[in-house]
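Asks: Please read through the structure below; I'll follow up with questions.
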Amino acid sequence: MERTVFIVGLGLIGGSIALAIRKEHNVNICGFDISEEQLKMALSLKVIDEAFQTIEEGVKKADLIILATPVTKTERLMREISTYELKPGAIITDVGSTKKRIVKEASCLKEKGVTFIGGHPMAGSHKSGVEAAREHLFENAFYILTPAEGTDVRAIIQLQNWLKGTRATFIELTAEQHDRLAGAISHFPHVIAASLVHQIAKIEGEDPLVSRLAAGGFRDITRIASASPTMWRDILLHNKESLLQLLKSWTNEMEHVKTLIEEESADEIFSYFQVAKEFRDGLPVREKGAIPSFYDLFVDVPDHPGVISDVTSILAQHQISLTNIRILETREDIMGVLRLSFRSEEDRERAQIKLHQEMYDTYIL
Ligand SMILES: NC(=O)C1=CN([C@@H]2O[C@H](COP(=O)(O)OP(=O)(O)OC[C@H]3O[C@@H](n4cnc5c(N)ncnc54)[C@H](O)[C@@H]3O)[C@@H](O)[C@H]2O)C=CC1
Ligand SMILES: O=C(O)C(=O)Cc1ccc(O)cc1
Numbered sequence: 001m002e003r004t005v006f007i008v009g010l011g012l013i014g015g016s017i018a019l020a021i022r023k024e025h026n027v028n029i030c031g032f033d034i035s036e037e038q039l040k041m042a043l044s045l046k047v048i049d050e051a052f053q054t055i056e057e058g059v060k061k062a063d064l065i066i067l068a069t070p071v072t073k074t075e076r077l078m079r080e081i082s083t084y085e086l087k088p089g090a091i092i093t094d095v096g097s098t099k100k101r102i103v104k105e106a107s108c109l110k111e112k113g114v115t116f117i118g119g120h121p122m123a124g125s126h127k128s129g130v131e132a133a134r135e136h137l138f139e140n141a142f143y144i145l146t147p148a149e150g151t152d153v154r155a156i157i158q159l160q161n162w163l164k165g166t167r168a169t170f171i172e173l174t175a176e177q178h179d180r181l182a183g184a185i186s187h188f189p190h191v192i193a194a195s196l197v198h199q200i201a202k203i204e205g206e207d208p209l210v211s212r213l214a215a216g217g218f219r220d221i222t223r224i225a226s227a228s229p230t231m232w233r234d235i236l237l238h239n240k241e242s243l244l245q246l247l248k249s250w251t252n253e254m255e256h257v258k259t260l261i262e263e264e265s266a267d268e269i270f271s272y273f274q275v276a277k278e279f280r281d282g283l284p285v286r287e288k289g290a291i292p293s294f295y296d297l298f299v300d301v302p303d304h305p306g307v308i309s310d311v312t313s314i315l316a317q318h319q320i321s322l323t324n325i326r327i328l329e330t331r332e333d334i335m336g337v338l339r340l341s342f343r344s345e346e347d348r349e350r351a352q353i354k355l356h357q358e359m360y361d362t363y364i365l
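Going left to right, the sequence shown walks through residues 1 to 365 as full-length UniProt numbering numbers them.
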């Protein structure tokens with residue numbers, strides 16, 4: 001008998017999970033979204049086979065229910081779903097960036113003969129909506145599961161089997177540990193990225209040139225500030241405790257940096273950067289984290305028309321695929337810099353060799 005997956009929230013993540021499931025399973029994928037437009041789009045892009053007008057209709061016949069809405073909505077949906085008829089033995093999971101409050105609220109599903117297992121695929125993008133969904137989005141990323149104590153191991157295996165098309169690496173954490181770690185590596189950096197943008201916006205009031213100068217590296221380190229404000233508002237509201245602690249320790253850290261600068265402590269400033277560099281250089285690069293790693297190659301290029309097509313045609317000749325190409329605009333002298341992104345380290349290495357052979361200077365940061 002054909003099995004049914006029901007996805008609530010057909011955006012970037014709900015859509016990408018649907019595509020990954022379809023790759024590995026012969027299933028009927030149904031969906032619901034509060035936005036009629038997203039629902040229609042998901043149908044027309046064949047991300048789902050069937051659209052429902054209510055959650056009640058969808059949950060009734062689903063073997064797997066995936067909640068892919070902003071986290072405060074997901075928390076509320078638990079209670080709503082617990083009032084509906086559910087298929088005995090069904091598995092319910094979510095994809096939210098926070099886990100503590102969602103897992104707590106999910107305890108109301110226990111009496112319904114279904115199993116809830118919290119989930120968080122640790123990859124994504126600053127883009128939103130089903131149009132941005134990709135079947136490969138989670139490849140090589142960590143996919144955290146937060147089963148409550150006493151959860152049937154068979155249900156965990158079943159869920160991993162449902163999600164095997166993501167090609168992600170599953171790890172189990174408690175919801176508390178998840179929120180603490182995700183707070184430090186993802187949620188707090190997001191706050192910092194937004195605050196850096198606010199700082200530049202303020203300076204722009206005094207000197208509009210700042211935006212032009214911010215076009216290169218600054219844009220890169222603040223990319224995540226372009227993500228959905230709704231989603232991030234909800235994450236901050238849910239992970240209040242971890243974030244307040246991180247904010248306190250960051251403020252102390254900044255006070256320390258302030259003192260070093262005030263006192264012109266050259267050696268200590270050097271070692272502040274040295275220790276950070278060593279730690280960062282030692283971070284694993286192969287796996288995708290919540291902040292994805294890209295295989296970037298920088299190429300010095302003379303500033304004349306035709307140079308981009310020359311570089312891309314060298315890569316095409318050797319069948320090396322690019323995932324992104326960008327001209328970094330910070331330099332106004334003769335040489336410009338092209339940033340090429342590849343899907344793998346191997347592609348990047350081959351590109352570097354071929355471009356060197358064609359006399360291009362390249363480097364990896
Ligand atoms: N964007 C990212 O990179 C990642 C996001 N997440 C988590 O995934 C979840 C979804 O995020 P995205 O897909 O990026 O957002 P999105 O904005 O692309 O999609 C969310 C969808 O949920 C729908 N929705 C909102 N309230 C609803 C409701 N009450 N009932 C039904 N549908 C509703 C929206 O209309 C939208 O289509 C969030 O909980 C987020 O924390 C997890 C990993 C990565
Ligand atoms: O775009 C990026 O770099 C991200 O960090 C995406 C992201 C956003 C939220 C998550 O919970 C996990 C990953």
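Just so you know, even glycine gets a beta-carbon here, dropped at the ideal spot from N, CA and C.
1. Does the Cβ-Cβ distance between residue 86 and residue 112 come in under 8 Å?
2. Could you tell me which whole alpha helix (DSSP H) segments of length 4 or greater appear in the region 166 to 195?
3. With three or more C-beta pairs closer than 8 Å as the rule, is the region 113 to 133 touching the region 145 to 157?
4. Helix or strand or just coil, what does DSSP make of residue 332?
5. Does residue 1 pass the burial test, meaning 16 or more other C-beta atoms within 10 Å, or should it be called exposed?
6. Could you check if residue 135 is buried or exposed, using at least 16 other CB atoms within 10 Å of its CB as the buried criterion?
7. Between which residues of its own chain and residue 235 is the CB-CB distance below 7 Å, once the five residues before and five after are set aside?
8. Could you pull the start and end residues of the alpha helix (DSSP H) that residue 256 belongs to?
9. Say the cut is 7 Å; is the CB of residue 189 nearer than that to a heavy atom of ligand 1?
10. With 16 other CB atoms within 10 Å as the buried threshold, where does residue 230 fall?
11. Return the CA-CA distance between residue 22 and residue 40, expressed in angstroms with no decimal places.
12. Which residues does DSSP pair with residue 120 in a beta bridge?
13. Looking only at its own chain, which residues have a Cβ that is under 7 Å from the Cβ of residue 179, when we skip the five neighbours before and after it?
14. Rounded to a whole number of angstroms, what is the C-alpha to C-alpha distance between residue 191 and residue 211?
15. I'd like to confirm something about residue 95: is its beta-carbon nearer than 7 Å to some heavy atom of ligand 3, or not?
16. Determine the direct distance from the alpha carbon of residue 83 to that of residue 220, and round the result to whole angstroms.
17. Let me check understanding here. Comparing Cα to Cα, which of 28, 185, 298 and 25 lies closest to residue 224?
18. Return the CA-CA distance between residue 69 and residue 129, expressed in angstroms with no decimal places.
19. What's the call for residue 356, buried or exposed, on a 16-neighbour Cβ count within 10 Å?
20. Assess contact between the region 296 to 315 and the region 261 to 268, defined as three or more Cβ pairs (one per stretch) separated by less than 8 Å. Is contact present?
21. On a Cα-Cα basis, can you pick out the residue from 272, 312 and 218 that is closest to residue 195?
22. Quick check: the region 22 to 31 against the region 243 to 259, are at least 3 beta-carbon pairs closer than 8 Å?
23. Given this structure, state the Cα-to-Cα distance separating residue 17 from residue 126, to the nearest angstrom.
24. Would you decide whether residue 256 is buried or exposed? Buried here means 16 or more other CB atoms lie within 10 Å of its CB.
25. Starting from the N-terminal side, write out each stretch of the beta strand (DSSP E) that is 3 residues or longer and does not extend beyond the UniProt domain "ACT" (296 to 365).
26. If you follow the beta strand (DSSP E) that residue 52 is part of, which residue opens it and which one closes it?
27. Identify whether residue 134 lies in helix, strand or coil by the three-state DSSP scheme.
28. If I follow the unbroken alpha helix (DSSP H) through residue 370, where does it start and stop?
29. Cutting at 7 Å between CB atoms, please list the residues of its own chain near residue 331, excluding the five before and the five after it.
30. What span of residues does the beta strand (DSSP E) with residue 91 cover, start to end?
31. Using a Cβ-Cβ cutoff of less than 6 Å, which residues in the same chain neighbour residue 167 once the five nearest sequence positions on both sides are dropped?
32. Let me check understanding here. Comparing Cα to Cα, which of 106, 88, 61 and 14 lies closest to residue 124?
33. Hey, is residue 69 close to ligand 1, as in C-beta under 7 Å from one of its heavy atoms?
34. Candidates 314, 12, 349 and 77: which alpha carbon is nearest residue 228's?
35. Are the CB atoms of residue 277 and residue 318 nearer to each other than 8 Å?
36. Is it buried or exposed for residue 199, if we count other Cβ within 10 angstroms and need 16 for buried?
Replies: According to the structure data:
1. A distance below 8 Å separates the beta carbons of residue 86 and residue 112.
2. Listed in chain order, the alpha helix (DSSP H) elements of length 4 or more contained wholly in the region 166 to 195 are 175 to 182.
3. The region 145 to 157 and the region 113 to 133 touch, with no fewer than 3 CB-CB distances between them shorter than 8 Å.
4. Reliability fails at residue 332, whose pLDDT of 46 lies under 50, so the model's placement of it is uncertain and the value that follows must be treated cautiously. Correct three-state label for residue 332: coil.
5. So residue 1 counts as exposed.
6. Buried: at least 16 other Cβ atoms inside 10 Å.
7. Residues 71, 97, 98 and 187 of the same chain have their beta carbon placed closer than 7 Å to that of residue 235, with the five preceding and five following residues left out of the count.
8. Start and end: 240 to 262.
9. Residue 189 has its Cβ no nearer than 7 Å to any heavy atom of ligand 1.
10. Counting Cβ neighbours within 10 Å, residue 230 comes out exposed, since fewer than 16 surround it.
11. Using only the alpha carbons, I get a separation of about 18 Å.
12. According to DSSP, which records beta bridges pairwise, residue 120 is partnered with 144.
13. Closer than 7 Å at the Cβ level, and outside the excluded window around residue 179, lie 98, 99, 100, 239 and 242.
14. Cα to Cα, residue 191 sits roughly 20 Å from residue 211.
15. This structure simply doesn't include ligand 3; it includes ligand 1 and ligand 2 instead.
16. When rounded, the distance between both Cα atoms is 45 Å.
17. If we check each option's Cα against that of residue 224, 185 comes out closest.
18. Going from the Cα of residue 69 to the Cα of residue 129 covers about 11 Å.
19. Around the beta carbon of residue 356, fewer than 16 other beta carbons sit within 10 angstroms, so the residue counts as exposed.
20. Contact fails: fewer than three Cβ-Cβ distances are below 8 Å.
21. Closest option to residue 195, judged by alpha-carbon separation, among 272, 312 and 218: 218.
22. No: the two stretches stay apart, fewer than three of their Cβ pairs being nearer than 8 Å.
23. If you take the alpha carbons of residue 17 and residue 126, they lie about 17 Å apart.
24. It is exposed - the Cβ of residue 256 has fewer than 16 other Cβ atoms within 10 Å.
25. Within the UniProt domain "ACT" (296 to 365), the complete beta strand (DSSP E) runs of at least 3 residues are 322 to 328, 335 to 342 and 361 to 363.
26. Going by DSSP, residue 52 is part of no beta strand (DSSP E) at all; its letter is neither H nor E.
27. DSSP places residue 134 in coil when its eight states are reduced to three.
28. The structure shown has nothing for residue 370, since the chain only spans 1 to 365.
29. Unreliable positioning characterises residue 331 in this predicted model, as indicated by a pLDDT of 43, which lies under 50. The coordinate reading is nonetheless provided below. Only 337 meet the Cβ criterion.
30. Where residue 91 is concerned, the enclosing beta strand (DSSP E) starts and stops at 91 to 94.
31. Excluding positions up to five away in sequence, the list reads 139.
32. Sorting 106, 88, 61 and 14 by C-alpha distance to the C-alpha of residue 124 places 14 at the top.
33. Correct: residue 69 has its Cβ closer than 7 Å to ligand 1.
34. Of the listed residues, the one whose Cα sits closest to residue 228 is 12.
35. For residue 277 and residue 318, no; Cβs fall outside 8 Å.
36. By the neighbour-count definition (other C-beta atoms within 10 Å, threshold 16), residue 199 is an exposed residue.
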